[in-house]
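Read in order, the letters of the sequence shown correspond to residues 508 to 688 in our numbering. The C-beta atom is built at its ideal place from N, Cα and C for all residues, glycine as well. It should be emphasised that the depicted structure is a prediction, and the values quoted were computed from it without experimental measurement. The structure appears below as structure tokens.
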Amino acid sequence: MPEIQLLRPDHAPALLTFEQENRAYFAASIPDRGDEYFTRFDERHRALLAEQEAGVCYFHVLVSAEGDVLGRVNLMDVADGGAELGYRIAERATGRGLATWAVRGLFDLAANSYGLTSLRAGTTLDNAASQAVLTRAGFTVVGETQLSGRPGLSYFRDLRDLRDLRDLASPAARPGTPTAS
508 MPEIQLLRPD
518 HAPALLTFEQ
528 ENRAYFAASI
538 PDRGDEYFTR
548 FDERHRALLA
558 EQEAGVCYFH
568 VLVSAEGDVL
578 GRVNLMDVAD
588 GGAELGYRIA
598 ERATGRGLAT
608 WAVRGLFDLA
618 ANSYGLTSLR
628 AGTTLDNAAS
638 QAVLTRAGFT
648 VVGETQLSGR
658 PGLSYFRDLR
668 DLRDLRDLAS
678 PAARPGTPTA
688 S
């Protein structure tokens with residue numbers, strides 16, 4: 508399996524290749540990023556890194572052993588213990604469970620590295636593959652939505668059940684244990 512890596516400056520060339528090679532594939536199920544995204548890619552990449560540094564978003568790439576980007580899995584709009592999950596997998600890497608693996612893999616990071624307690628996600632009604640990924644990863648449908656003018660579903664995943672067991676071993680985490688106030 509590939510490795511989930513937090514987005515870094517040196518990911519830019521492989522990430523641009525990933526986006527260019529999969530542009531038409533992605534546009535079949537989600538809105539196209541547009542030509543400007545590609546012509547201003549370096550500027551956009553720096554902006555994403557700045558958002559990540561500020562703790563507003565956490566961007567991740569799925570990197571193969573050869574250094575190719577096979578996917579992205581991102582946590583956006585981090586606030587009040589929650590974030591919006593977004594992901595995309597290269598066409599050549601679909602159908603092997605990579606999306607489900609990546610989404611599940613991000614849960615530990617979200618809960619234990621970033622301190623998140625919940626995730627939100629959404630997908631269009633005609634994107635059965637994404638609906639299946641979210642369901643397999645433990646998300647539940649919480650309502651209907653519009654995504655870029657298309658009907659869709661909103662999903663929710665509580666992460667509190669994924670708290671690091673080391674936290675549970677601390678005296679403050681044990682029921683009935685007094686804590687300093």
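To the nearest angstrom, how far is the alpha carbon of Val576 from that of Thr652? Spanning the two alpha carbons is a distance of roughly 30 Å.
Check: With 16 other CB atoms within 10 Å as the buried threshold, where does Gln559 fall?
Finding: Result: buried.
Q. Under the rule that 16 or more other beta-carbon atoms within 10 Å means buried, what is Thr631, buried or exposed?
A. Its Cβ being crowded by 16 or more others within 10 Å, Thr631 is buried.
So is Val648 buried or exposed if we call it buried at 16+ other beta carbons inside 10 Å? exposed
(Q) Taking only three categories from DSSP, how would you classify Val640? (A) Helix at Val640.
Let's test the definition: count the other Cβ atoms within 10 Å of the Cβ of Tyr544 and tell me whether it reaches 16, buried, or not, exposed. exposed
Notebook entry, point to check: Quick one: what does DSSP say Ala572 is sitting in, helix, strand or coil?
Noted result: In the structure shown, Ala572 sits in coil (DSSP, three-state: anything other than H, G, I, E or B).
Practice item. Output the boundary residues of the alpha helix (DSSP H) element that contains Ala561. Key: Neither: Ala561 is in no alpha helix (DSSP H) and is coded neither H nor E.
What does DSSP give as the partner residue(s) for Ile537 in the beta ladder? For Ile537, which the question treats as bridged, DSSP gives no partner whatsoever.
* Determine contact between the region 582-589 and the region 522-530, defined as no fewer than three beta-carbon pairs at a distance below 8 Å. => The region 582-589 is not in contact with the region 522-530.
Ends of the beta strand (DSSP E) at Pro658? Arg657 to Asp665
Alpha carbon of Leu613 to alpha carbon of His552, nearest angstrom: 21 Å
Go ahead and pull the three-state DSSP assignment for Ala586. strand
query = Is DSSP giving Thr601 helix, strand or coil here?
reply = coil
Please report the distance separating the alpha-carbon of Asp517 from that of Asp549. 11 Å
*Helix, strand or coil for Leu514 per DSSP?*
Coil at Leu514, not helix or strand.
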